[in-house]
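Colleague:
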Amino acid sequence: MLKLTPLNAKHHEAHAKLVDFSGWEMPIHYGSQIEEHHTVRRDAGMFDVSHMLAVDIKGEGVRAFLRRLVANNVDKLQTTGRALYTCMLHEGGGVIDDLIVYFVSESWFRLVVNAGCADKDLAWMSEQCEKFAPGLVITPRRDLAMVAVQGPQAATKLWAAMPGTRELAEAMKPFHAVVVGEMFVARTGYTGEDGFEIMVPNKAAPFFWQALLEAGVQPCGLGARDTLRLEAGMNLYGQDMDEGVTPFDAGLAWTVDLASERDFIGRDALLRLPRSRQLVGLKLLGRGVLRAHQSVFSAQGEGEITSGGFSPTLNGSIALARVPVGVRIGDTVEVDIRGKLSQAAVVKYPFVRNGKALVVSG
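The numbering of the sequence shown is numbering that gives the first Met the number 0, which starts it at 0 and goes up by one.
(1) Mind listing, in chain order, the continuous alpha helix (DSSP H) runs of no fewer than 4 residues lying wholly within the segment 204-271?
(2) How should P162 be labelled, buried or exposed, when 16 other C-beta atoms within 10 angstroms of its C-beta is the threshold for buried?
(3) Grouping DSSP H, G and I as helix and E and B as strand, with all else coil, what is T190?
(4) Since I believe G307 is in contact with A278 (beta carbons under 8 angstroms), could you give me their beta-carbon distance rounded to a whole number of angstroms?
(5) In three-state DSSP terms, what is M182?
(6) Can you tell which of V359, N234 and W253 has its C-alpha closest to the C-alpha of R321?
(7) Return the residue from the list Q32, A258, R290 and P151 that minimises the CA-CA distance to K355.
(8) So Q192 packs on R327, CB below 8 angstroms; how close in whole Å?
(9) Going by DSSP, what residue range makes up the beta strand (DSSP E) through M124?
(10) Buried or exposed: L229, going by 16 or more other Cβ atoms within 10 Å of its Cβ?
(11) I believe M45 touches V148 by the beta-carbon criterion, under 8 angstroms. Please report the beta-carbon distance rounded to the nearest angstrom.
(12) Pull up the DSSP beta-bridge partners for E196, would you.
(13) Assuming L319 is part of the beta strand (DSSP E), what are its boundary residues?
(14) Using the Cβ count rule (16 or more neighbours within 10 Å means buried), how would you classify P273?
(15) Indicate the three-state DSSP secondary structure (helix, strand or coil) for D74 in the structure shown.
(16) What residue range is occupied by the uninterrupted beta strand (DSSP E) comprising Q342?
(17) Are the CB atoms of S259 and N72 nearer to each other than 8 angstroms?
(18) Would you call the CB atoms of A82 and P246 closer than 8 angstroms?
(19) State the Cα-Cα distance for the pair M51 and N113, rounded to the nearest angstrom.
(20) List the DSSP bridge partners of H175.
(21) Quick one: Cα of G361 to Cα of P26, how far?
(22) Taking all protein chains shown into account, decide if S104 is buried (16 or more other Cβ within 10 angstroms of its Cβ) or exposed.
(23) Alpha carbon to alpha carbon, how far is E35 from H28?
(24) Which first and last residues belong to the alpha helix (DSSP H) in which I33 is found?
(25) Within the same chain, show all residues whose beta-carbon is closer than 7 angstroms to that of G92, passing over the 5 residues directly before and after it, in chain order.
(26) Compare the Cα-Cα distances from A43 to each of K57, R140 and L157 and report the closest residue.
(27) List the whole-angstrom C-beta distance separating D262 from R62, where the pair is believed to meet the contact cut-off of C-beta under 8 angstroms.
(28) Going by DSSP, which residues form a beta bridge with P139?
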């Protein structure tokens, strides 16, 4: 049986098209995926992301534990509420999951992990905790729902829906969070737009959703979330990286701290493994649609599209592709689309950010 978020009844009320997503019944769209995409780029939309899991790690020595657990350096988190994007690796350097770490206090850090990885993440964290920090307490927060409010009008409409949050959260910079009563308000997102990811108790989630509706925030499904994150050049776990892919091969070298002397899990493998692959952006030059797993041919060798699709903002097809090192921005490659080779330009991603197209369309 599929798992249901606390907002499932709201999705049914809105006649959303619901699908199985990592074992959860989730809305793919509420009528038009493209309209929802444009709403987030131009106004404000909201997503039920309660299938994702917040995990609280508490106790003395939690910072030292996280120094070892994740590839980025949590010592960058010195201000209450500051957030850090990172990967959690196994000893071979592959990505167990990508996640966000929030610093609440020296004895309390909050992690947010992907829905499809939640069970294995908890098992891995617990195993490492038993080895290196047995006094810590790891608590999965399935009592919390999560709603992402995204778009250039996200802040204005969030304040209208929840005016009591404005004084505490208005001045908050991106990748920071604040506790507001029972709410946890983070200025983060997965769309390339300004916005927030807000955690509330499960029982309060339908009332919060309704307040956002009345403030003019449009519900959006996972279909638009995927096209938005692709335009923003953001990786999707299970497509752009997994346990067989290192952060370097996934374009996530910036999330790995090798400058400090700390010994994190996977460090030795990252220092040892050759870096022969890289992640690049592709823009299709002709007709067709770029899709995951299509082969890419370049003068330097063969690669593969990891994520691809139609870009509503650019009105063309775009992709992220893992190709040999040596392929350069400005090169032209060929992609096998249903047995036919089509040309694509190698471009720098993100393709779109803050409503602005960064790659020439057409």
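Just so you know, even glycine gets a beta-carbon here, dropped at the ideal spot from N, CA and C.
Modeller: Taking the structure as given:
(1) 204-213, 221-230 and 266-271
(2) Here residue 162 is taken as the residue at index 163 of the sequence shown, counted from 1. Exposed, because fewer than 16 other Cβ atoms sit within 10 Å of the Cβ of P162.
(3) Within the sequence shown, residue 190 is the residue found at index 191, counting from 1. Residue state, collapsed to three classes: coil.
(4) Working through the sequence shown from its first residue, we reach residue 278 at position 279. Working through the sequence shown from its first residue, we reach residue 307 at position 308. Checking the sequence shown, residue 278 turns out to be Leu, not Ala. Their Cβ separation, rounded to whole angstroms, is 12 angstroms, which puts L278 and G307 out of contact at 8 angstroms.
(5) The residue given as residue 182 occupies position 183 in the sequence shown. The answer is strand: DSSP assigns M182 an E or B state.
(6) Within the sequence shown, residue 321 is the residue found at index 322, counting from 1. The shortest C-alpha separation from R321 is found at N234.
(7) By 1-based counting over the sequence shown, the position of residue 355 is 356. Nearest option by C-alpha distance: P151.
(8) Working through the sequence shown from its first residue, we reach residue 192 at position 193. Working through the sequence shown from its first residue, we reach residue 327 at position 328. It is worth fixing the name first, because residue 192 is Glu in this sequence and not Gln. With 8 angstroms as the limit, E192 and R327 do not qualify as a contact, their Cβ atoms being about 29 angstroms apart.
(9) The residue you call residue 124 lines up with position 125 of the sequence shown. Note, M124: premise wrong, no beta strand (DSSP E); alpha helix (DSSP H) at A117 to F131.
(10) Here residue 229 is taken as the residue at index 230 of the sequence shown, counted from 1. Counting Cβ neighbours within 10 Å, L229 comes out buried, since at least 16 surround it.
(11) Along the sequence shown, one-based indexing puts residue 45 at 46. Along the sequence shown, one-based indexing puts residue 148 at 149. Their Cβ separation, rounded to whole angstroms, is 5 angstroms, which keeps M45 and V148 in contact under 8 angstroms.
(12) Position 197 of the sequence shown holds residue 196. The partner list for E196 (beta bridge, DSSP) reads A147 and A185.
(13) Position 320 of the sequence shown, counted from the start, is the residue given in the question as residue 319. Residues G315 to P323.
(14) Here residue 273 is taken as the residue at index 274 of the sequence shown, counted from 1. P273 is exposed by the Cβ-count criterion.
(15) The residue labelled residue 74 in the question sits at position 75 within the sequence shown. In the structure shown, D74 sits in a helix (DSSP, three-state: H, G or I).
(16) Reading the sequence shown from its first residue, position 343 is the one you call residue 342. It spans K339 to V346 - the beta strand (DSSP E) in which Q342 sits, taken as one unbroken run.
(17) Here residue 259 refers to the residue found at position 260 when the sequence shown is read from its first residue. Here residue 72 refers to the residue found at position 73 when the sequence shown is read from its first residue. Yes.
(18) Start at 1 with the first residue of the sequence shown, and residue 82 comes out as number 83. Start at 1 with the first residue of the sequence shown, and residue 246 comes out as number 247. Contact: no.
(19) The residue you call residue 51 lines up with position 52 of the sequence shown. The residue you call residue 113 lines up with position 114 of the sequence shown. The straight-line gap from Cα to Cα measures roughly 5 angstroms.
(20) Your numbering for residue 175 matches position 176 in the sequence shown. Paired residue(s): R81.
(21) On the sequence shown, residue 361 is found 362 positions in, with the first residue counted as 1. On the sequence shown, residue 26 is found 27 positions in, with the first residue counted as 1. For G361, the pLDDT reaches just 48, beneath the cut-off of 50, and the residue's location in the model is therefore unreliable, although a value from the coordinates is still provided. In a straight line, the C-alpha of G361 is about 31 angstroms away from that of P26.
(22) Here residue 104 is taken as the residue at index 105 of the sequence shown, counted from 1. Answer is exposed; the Cβ neighbour count stays below 16.
(23) What you label residue 35 is simply residue 36 of the sequence shown in a count that begins at 1. What you label residue 28 is simply residue 29 of the sequence shown in a count that begins at 1. So the two alpha carbons sit approximately 8 angstroms from each other.
(24) Counting from one through the sequence shown, the residue named residue 33 turns up at place 34. Per DSSP, I33 belongs to the alpha helix (DSSP H) from Q32 to R41.
(25) Residue mapping note: residue 92 aligns to position 93 of the sequence shown, counting from 1. Hits under 7 angstroms: T245, G265, A268, L269 and L272.
(26) Sequence index remark: in the sequence shown, residue 43 carries index 44 (1-based). Comparing Cα positions, the closest option is L157.
(27) For the purposes of this step, residue 262 is identified with residue 263 of the sequence shown, where counting begins at 1. For the purposes of this step, residue 62 is identified with residue 63 of the sequence shown, where counting begins at 1. Not quite, the Cβ-Cβ distance comes to about 15 angstroms (not below 8 angstroms), so this is no contact.
(28) The residue you call residue 139 lines up with position 140 of the sequence shown. In the DSSP output, where bridge partners are listed per residue, P139 has V54.
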